[in-house]
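Each remark here refers to the structure printed beneath this line.
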Amino acid sequence: MDFFLDTADVNEVKELVDTGLINGITTNPTLIAKSGRAFKDVIIEMCELIDGPVSAEVAALDYETMLVEGKKLADLHERVAVKVPLTPAGLRVCKELSDDGIMVNVTLCFSPLQALLAAKAGATFISPFVGRMDDIGHDGMDLITDIREIYENYVDLETCILAASIRHPLHVLQAAKAGADIATIPPKVLHQLYHHPMTDRGIDAFVKDWASTGQTI
Ligand code: E4P
Numbered sequence: 000m001d002f003f004l005d006t007a008d009v010n011e012v013k014e015l016v017d018t019g020l021i022n023g024i025t026t027n028p029t030l031i032a033k034s035g036r037a038f039k040d041v042i043i044e045m046c047e048l049i050d051g052p053v054s055a056e057v058a059a060l061d062y063e064t065m066l067v068e069g070k071k072l073a074d075l076h077e078r079v080a081v082k083v084p085l086t087p088a089g090l091r092v093c094k095e096l097s098d099d100g101i102m103v104n105v106t107l108c109f110s111p112l113q114a115l116l117a118a119k120a121g122a123t124f125i126s127p128f129v130g131r132m133d134d135i136g137h138d139g140m141d142l143i144t145d146i147r148e149i150y151e152n153y154v155d156l157e158t159c160i161l162a163a164s165i166r167h168p169l170h171v172l173q174a175a176k177a178g179a180d181i182a183t184i185p186p187k188v189l190h191q192l193y194h195h196p197m198t199d200r201g202i203d204a205f206v207k208d209w210a211s212t213g214q215t216i
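Per numbering that gives the first Met the number 0, residue 0 is the first one in the sequence shown, and the count goes up by one each step.
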């Protein structure tokens with residue numbers, strides 16, 4: 000399972016890139032607004048930091064403008080994955096960009112049938128938003144399970160399932176068990192994945208016992 004970082008904060012990426020665990024980045028307009036920085040600068044800097052796809056989202060909703068924006072974003076760097084919303088216009092743009100060899104991340108997916116449409120449109124990634132489904136009283140992880148089942152039925156569908164709207168470590172565990180190809184994880188959640196009280200307790204004991212031997216390595 001690949002891990003993407005869900006952030007538009009370049010410093011957070013710099014801090015975590017050396018873990019060797021980060022395979023890509025996702026951003027969205029909300030994260031860009033939160034960063035307070037120029038969108039294109041952030042995307043280019045991210046692309047130079049990470050050896051993997053960096054999702055950059057279009058702003059327009061109509062087909063013509065979205066296509067122009069998508070091409071401009073793809074021109075920023077070869078690692079840009081153009082992020083389009085799951086709408087008729089978005090899927091039309093997805094098909095065109097994919098046919099041109101550009102990576103496309105179809106975002107705001109809330110149903111397995113939407114994911115089937117995105118795959119048929121040639122999406123590189125489909126982003127089902129598990130946390131936002133949980134927010135409205137559904138089990139968001141059912142989305143991942145259903146999409147996996149559908150995609151497995153058709154070997155010609157090559158779209159990667161990118162579990163998005165991940166809010167806590169349990170989402171990462173469930174997404175992995177459900178067969179998501181990728182989870183896009185907020186930095187705070189990635190840090191949480193490392194920690195276990197039994198690991199801390201074990202380290203404390205080993206450090207103390209090693210010290211008592213008086214040896215060095
Ligand atoms: C990633 O591509 C999404 O934009 C992001 O995971 C959304 O997460 P949120 O629902 O916590 O805003």
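Idealized CB from N, CA, C, for every residue including glycine.
Counting the other Cβ atoms within 10 Å of the Cβ of residue 143 gives 16 or more, which makes it buried. Within the segment 164 to 189, the runs of alpha helix (DSSP H) at least 4 residues long that lie entirely inside it are, in chain order, 168 to 176. Apart from sequence neighbours up to five positions away, the residues of its chain that approach residue 27 with a beta-carbon distance below 6 Å are 56, ordered along the chain. Between the ligand E4P and the CB of residue 126, the shortest heavy atom gap is smaller than 7 Å. Inside the segment 54 to 87, DSSP marks whole alpha helix (DSSP H) runs of 4 or more residues at positions 62 to 75, from first to last along the chain. Residue 214 sits exposed, since fewer than 16 C-beta atoms from the chains shown fall within 10 Å of its C-beta.
With the rule of 3 Cβ pairs closer than 8 Å, the segment 126 to 146 counts as touching the segment 158 to 170.
In its chain, beyond the 5 residues on either side, 142, 145, 146, 149 have a beta carbon closer than 7 Å to the beta carbon of residue 111.
In summary, residue 41 is buried, with 16 or more beta-carbon neighbours lying within 10 Å of its beta-carbon over all protein chains present. Taking 8 Å as the cut-off, the beta carbon of residue 96 is found closer than this to the beta carbon of residue 103. In the three-state scheme derived from DSSP, where H, G and I count as helix and E and B as strand, residue 10 is classed as helix.
Setting aside the 5 residues that flank it on each side, residue 120 is surrounded in the same chain by 90, 93, 94, each with a C-beta closer than 6 Å to its C-beta; the list follows chain order. Residue 23 holds the alpha-carbon nearest to the alpha-carbon of residue 47 among 23, 173, 107. In this structure, residue 158 lies near residue 123, with their beta-carbon atoms less than 8 Å apart.
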